[in-house]
Amino acid sequence: MNLKIISNKNVEIGGLGIPLIFNNILEGKSLDEAHAQNVFYDPYIGMDAGYLQVTRLSGLAPSLLVLPDGDTPFEAYNPLLDDPTPRSIVFEGFYEWMVYSKAYAEQEWQGVEQWNTPRSIVLKPGELRQVGLKLVVAGQVKNLENKLQQQHRPVAVSVPGYVLPQDVNAKLFLNYPKAVKSIAVYPQEALTLKAAENTKNNWKTYLVNGKKWGRARVTVTYEDGLVQTMHYKVIKPESQVIADYGNFLTTKQWFDQPDPIFKRSPSVITYDDDKKEQVVQDNRAWIAGLSDEGGAGSWLGAMMKQLVSPKAAEIALLKRFADSTMFGHIQYANGPEKYGVKKSLFYYAPDSLPKGTYDQHINFKTWSAWPTKEANSVGRSYNYPHVAAAHWVMYRLARNYKGLVDFDSWKTYLTHAAETSLAMTRLAPHYAQYGQMEGTVFLLILKDLQAEGMTELATNLETEMKKRALHWRSLSYPFGSEMPWDSTGQEEVYMWSSYFGFQDKAEVTLNAILAYVPLIPHWAYNGNARRYWDFLYGGKLQRIERMIHHYGSALNSIPVLTDYRNHPNDFYLLRAGYAGLMGSIANITEEGFAPAAFHAFPSTLRNDGISGDYGSGFFGYAVNTGTYIIEHKEFGWLSFGGNLEKDKNVIRVKPVTAAKNAVFIAPAGLWINLEAGSITEISYDLLSGDVHIKLAPGNAFTVSASLRYEQTPGEIEKGAYEISKIEKTPQGSYHIPLQQEAATEVVFQRNKL
């Protein structure tokens, strides 16, 4: 497209957009039809280096790259809100590639910090400017970066990603034929970049450290004038982020006041961070009713935080909640619906309750203000994983720590977790046919039942779960839900398909996940599992809009990282899975508030106002966090979730995750997990293959570490690992007494074949 001024005056163009119209209208489509006919699209808002990637729902080839042609920087990504096509749960909407956006920034987007500096252009009479886009067909989504290189486009790879804790030593690798002319950081004090030696194939290498909390933009100008921007989110060290989160939940969100009608006290309740107050009434009953994702999210997050970083004072509060409000009110504790989970404790029944019960400023004349019968229904399966997960965490705390939860109660909590899982299939069979968000917890419960020798419950649970998995195996695309298309059932479908050996369905599911979990040099979109309607059901600003790191990011990282550990040479899987994992904590504020998601519209670009369904995503972080050590053929030795140093023939890594309880050493295929205790250092001997880990000193609650490990089958064939001088318990784990003043060392020796 050519722009030419035909008047005799200069003309300033402050808004220029190119509509990007691709078919993602799912109205009336079955999953089979949608996967055959529709596509996903994700933007890299990276100026001259920007692009749009378009992928089939199946994740299979071909994919498409939309690249700039001529002087067409990708400055902003603007929703076409005036398009007449109805936006709804079956259609996210169309967008436009903004080449210039200064006029929008000064008017429609006024006061909002944009991803890139908004610009305009002044054309003189007769002056010609060419703008346009070109379409390039690529292979599968994993091939997009290779295709970009073939097209002589800039490619950026950041390790461990674009969400950057302040204590992480990160690396940035850039591939572009031209030299770097300059690099600028905005805000200037946000992070530092230091040039390092180029790789063997001449990738430009930079050492990156986050300094100031918040959004940061890196602008690279190459000697040919091409400008590339990369977008980071600098956060506190993970341990501090999670500590802040737990504290916020158990102080600002701790609801402990008389509540005789709805019986929600004590609990962790929804919070409005704009108003700095708890949400005790909402016309969406579940938001104030402690159930469904939007109401259970906060207490679920508080529970899962204890799995990552247990704190006695917080656990004491949560035990009160679990033993009274949850088991007995949210969940039936007896009767024919025992273990059934209600849809909401809050409900709308003005005719049967005292005058003044309800806030007169809230419009309750809506379908979502459930009456008593609807609120008490146990037929929604999606409510069960939250409760099962809470019981399971209490079991783990009782079993593996001293004095945090009464040790004698571990069996009760594990039984409750299992019975809740079974009740879902019995009391909510319709929705239970679908994959559940957090459904991974059912597999974790099963494995613990098996380890504890609780054979009858384990057999019953495995039988019921296999019925579901067999149903999924019969479907071409086995991840439906109550929505026409969804991005949350894939997690559980993959985990059970893999467990039962249905590898064909596991692969179909993984490919579908990779289609909507992009790798993009932008913290907001990197690893961001596609979701666009849950602001309606779990947010404060309610509209159809791409959600930035909604709970799907971390949940979908579970199957991606699980598959990576089975295929440790697949660098793409590690990057995509870790991006989703870290995206889940990117939006937690400096104070510790965790929102439902971040708003992507350029008119907003901020966190949503309420906590909503965030906790489901934190489940994904809690059960999936870990440190990864790899040797990349181009980039050398790298660590995700740790700071790495190479000392001659020894690789040493200090974990920087909040839990510091898991590590995967890719060249050895070794996956080490601690159910109690934490790791301060990992050493990997390149000559012998032996692994040494140092465990942090014990304390009053953690007197011993509980450790399990497994190895990728392909690596076992090269030599299996054994722990020297430590006996395995009947439960299949290793209990290691911890020194109280010094580190305890555990050695994994590799048998040579």
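Numbering (this note's numbering), first residue to last: 2 to 754.
Where is the CB? At the ideal position from N, CA and C, for every residue including glycine.
- Across the set 58, 32, 372, the C-alpha of 58 shows the shortest separation from the C-alpha of residue 23.
- About 12 Å separates the Cβ atoms of residue 434 and residue 493, ruling out a contact at the 8 Å cut-off.
- In the structure shown, residue 751 adopts extended strand secondary structure according to DSSP, grouped into three states.
- One alpha carbon belongs to residue 201, the other to residue 637, and they sit about 10 Å apart.
- For residue 500 and residue 457, the gap between their C-alpha atoms comes out near 19 Å.
- When DSSP reads this structure, residue 438 sits in no beta bridge, so it has no partner.
- In this structure, residue 264 sits near residue 346, with a CB-CB distance shorter than 8 Å.
- In the DSSP annotation of this structure, residue 2 is not part of any beta strand (DSSP E), being labelled neither H nor E.
- Taking C-beta separations shorter than 7 Å and ignoring five residues to either side along the sequence, the partners of residue 152 in its chain run 68, 137, following chain order.
- In the displayed model, residue 365 falls within coil according to three-state DSSP, outside both helix and strand.
- Annotation: the continuous alpha helix (DSSP H) that includes residue 243 extends over 239-250.
- A straight-line Cα-Cα distance of about 32 Å links residue 580 and residue 314.
- Its chain contains 681, 682, 744, 746 as the residues whose beta carbon lies nearer than 6 Å to that of residue 695, once the 5 sequence neighbours on both sides are disregarded; these appear in chain order.
- Beta-bridge partners of residue 44 (DSSP): 53.
- Between residue 453 and residue 222, the alpha-carbon positions lie close to 59 Å from each other.
- The alpha carbon of residue 556 has as its nearest neighbour, out of 536, 513, 619, the alpha carbon of 619.
- Between the beta-carbon of residue 685 and that of residue 630 there is about 7 Å, and that keeps the pair under the 8 Å contact cut.
- For residue 377, the closest alpha carbon among the candidates 323, 749, 350 is that of 350.
- The three-state reading of DSSP puts residue 349 in coil, since its state is none of H, G, I, E or B.
- Just measuring C-alpha positions, the residue of 252, 648, 568 sitting nearest residue 277 is 252.
- For residue 273, the pairing in a beta bridge is given by DSSP as 278, 611.
- Take the alpha-carbon of residue 528 and the one of residue 508: they are about 19 Å apart.
- Contact between the segment 640-657 and the segment 332-348 is absent, with fewer than three C-beta pairs closer than 8 Å.
- Per DSSP, the continuous beta strand (DSSP E) segment holding residue 79 begins and ends at 77-80.
- For residue 393, there is no enclosing beta strand (DSSP E); the enclosing alpha helix (DSSP H) has its first and last residue at 385-401.
- One thing to note: residue 396 has its Cβ within 8 Å of the Cβ of residue 415.
- DSSP places residue 179 outside both helix and strand once states are collapsed to three, so it counts as coil.
- For the pair residue 399 and residue 462, the CB atoms are not nearer than the 8 Å cut-off.
- Between residue 242 and residue 211, the C-beta gap is not smaller than 8 Å, which leaves the two residues out of contact.
- Secondary structure note for residue 406: it is in no beta strand (DSSP E), with a DSSP letter that is neither H nor E.
- When C-beta atoms of the segment 93-102 are compared with those of the segment 72-81, three or more pairs fall below 8 Å, so the two segments count as touching.
- Leaving aside the five residues that flank residue 371 on each side, the residues in its chain whose CB is nearer than 7 Å to its CB run, in chain order, 286, 344, 345, 348, 349.
- Residues of the same chain with a CB within less than 6 Å of the CB of residue 63, apart from the 5 flanking positions on each side, are 138 in chain order.
- Of the candidates 597, 470, 290, 597 places its Cα closest to the Cα of residue 551.
- In this chain, residue 536 is not harboured by any beta strand (DSSP E); it is covered by the alpha helix (DSSP H) spanning 535-539.
- Shown here, residue 130 sits in a strand according to DSSP, grouped into three states.
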